[in-house]
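For reference, the structure discussed in these notes is given below.
In this note's numbering, the protein residues as written are 404 to 522.
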């Protein structure tokens, strides 16, 4: 028989209530302690435990992706594309860098797509 998944505790429930109220999907360490009665170390521990048990997803050190609602069954598994999109939000790529990436992509595609191959 499968073991029942542990229920959310008081602090975890308050965390999800706050995040859903503010309509946040990205939470950084240091955001919760000023608005709640917990210390930074308690906040860090809470996020680490929630990520470790699958309730939220750790994007990178100190940054976590939170589901819009508490996942049924307790495990949240967003797609890779969504995680990548959230990681790239806020990353500013300069215009020159975009041009470099476009040229690089174009040079990689040229050997593959030659008009003479279709004639």
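Note that the Cβ used here is the ideal one computed from N, Cα and C, for glycine as well.
These numbers come from a predicted model, not from an experiment.
**Study point:** Residues near residue 454 by beta carbon distance below 8 Å, same chain, minus five either side
**Key:** In the chain shown, the residue the question calls residue 454 occupies position 51. Setting aside the 5 residues that flank it on each side, residue 454 is surrounded in the same chain by 460, 461 and 467, each with a C-beta closer than 8 Å to its C-beta; the list follows chain order.
**Study point:** Assigned exposure category for residue 446 - 16 Cβ within 10 Å defines buried
**Key:** Taking the chain shown and counting its residues from 1, one reaches residue 446 at position 43. Buried is the label assigned to residue 446, since at least 16 other Cβ atoms lie within 10 Å of its Cβ.
Practice item. Enumerate in chain order the residues of its own chain whose CB-to-CB distance from residue 436 is below 7 Å, with the five nearest sequence positions on each side excluded. Key: If you number the chain shown from 1, residue 436 lands on position 33. Excluding positions up to five away in sequence, the list reads 442, 443 and 446.
**Study point:** Bridge partner(s) assigned by DSSP for residue 461
**Key:** Here residue 461 is taken as the residue at index 58 of the chain shown, counted from 1. 467, per the DSSP bridge assignment.
Exercise for review: Please report the residue range of the beta strand (DSSP E) in which residue 429 lies.
Suggested key: Residue mapping note: residue 429 aligns to position 26 of the chain shown, counting from 1. Run containing residue 429: 429-431, per the beta strand (DSSP E) assignment.
Exercise for review: Pull up the distance between the alpha-carbon of residue 464 and that of residue 439, whole angstroms please.
Suggested key: Taking the first residue of the chain shown as position 1, residue 464 is located at position 61. Taking the first residue of the chain shown as position 1, residue 439 is located at position 36. Each residue's alpha carbon lies about 21 Å from the other.
Review point. Secondary structure at residue 411, three-state DSSP: helix, strand or coil?
Key: On the chain shown, residue 411 is found 8 positions in, with the first residue counted as 1. Coil at residue 411, not helix or strand.
**Study point:** First through last residue of the alpha helix (DSSP H) which encompasses residue 443
**Key:** Residue numbering aside, residue 443 sits at position 40 when the chain shown is read from its first letter. 443-455 is the extent of the alpha helix (DSSP H) around residue 443.
Check your understanding: In angstroms, rounded to a whole number, what distance separates the CA positions of residue 450 and residue 502?
Key -> Start at 1 with the first residue of the chain shown, and residue 450 comes out as number 47. Start at 1 with the first residue of the chain shown, and residue 502 comes out as number 99. Approximately 38 Å, taken between the alpha carbons.
Practice item. Report the three-state DSSP secondary structure of residue 509 (helix, strand or coil). Key: By one-based count along the chain shown, residue 509 stands at place 106. If DSSP states are grouped into helix, strand and coil, residue 509 belongs with the helices.
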